[in-house]
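Quick notes on the structure that follows.
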Amino acid sequence: MARWLADRSLTVLNGPLAHGIPTWVGFRDDREMSSIIDMFLTNASLMSPRLDIASDLSLGSDHRLLTLSFSFAQSSASESLSDTTDATIHPRRLWNLSRLGEPDPCQLYQDTFRSSSAPLLSQLKRCC
36 MARWLADRSL TVLNGPLAHG IPTWVGFRDD REMSSIIDMF LTNASLMSPR
86 LDIASDLSLG SDHRLLTLSF SFAQSSASES LSDTTDATIH PRRLWNLSRL
136 GEPDPCQLYQ DTFRSSSAPL LSQLKRCC
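Going from the sequence shown to this note's numbering is simple: count from 1 and add 35.
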């Protein structure tokens, strides 16, 4: 894998941002097992990157929720939103969407989306 990544000029962000934190936890033969099998790869240098690995939002999956956030460089404040590179990248949530058919997970998704998107909505309102 290291050669494949190098040939494509890709970097794995898990190591420098969340070294040693497992992204998968499962049980086999009554033993807990863990591994780092979910990875963020990039070919770009990121400003202020942050990787969070949650253990409390799995919604029944054996994979943990990973959230990567970073910023872009500051540009002229007079530029419009479509022209600006000053945009904080808000965490992208990737979960098991089939669970949305169940009331409790659906409510958790909705609540998490509202709270996670609030800063972006506020920023968009200031730009318009």
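Each residue gets a CB set at the ideal place from its N, CA and C atoms; glycine is no exception. No experiment lies behind these values; they were computed from the predicted model shown.
Query: Outcome for Leu100 when other beta-carbon atoms lying within 10 angstroms are tallied against a minimum of 16; Result: buried
Query: Per-residue burial, Leu159 [other beta carbons within 10 Å of its own, 16 or more giving buried]; Result: exposed
Query: Cβ separation of Leu86 and Leu40, assumed to be a contact under 8 Å, to the nearest whole Å; Result: No, Leu86 and Leu40 are not in contact; Cβ-Cβ is about 17 Å, not under 8 Å.
Query: Where the beta strand (DSSP E) through Thr147 begins and ends; Result: Counting along the chain, Thr147 falls outside any beta strand (DSSP E), though it belongs to the alpha helix (DSSP H) covering Pro138 to Cys162.
Query: Coil, strand or helix - Gly55 by DSSP; Result: coil
Query: Residue from Pro57, Ser90, Ser152 and Pro84 whose Cα sits closest to the Cα of Ile71; Result: Pro57
Query: Nearest-angstrom Cα separation, counted from Arg134 out to Phe62; Result: 21 Å
Query: For Leu40, the first and last residue of its enclosing alpha helix (DSSP H); Result: Ala37 to Asp42
Query: Cβ pair Pro84, Leu52 closer than 8 Å; Result: yes
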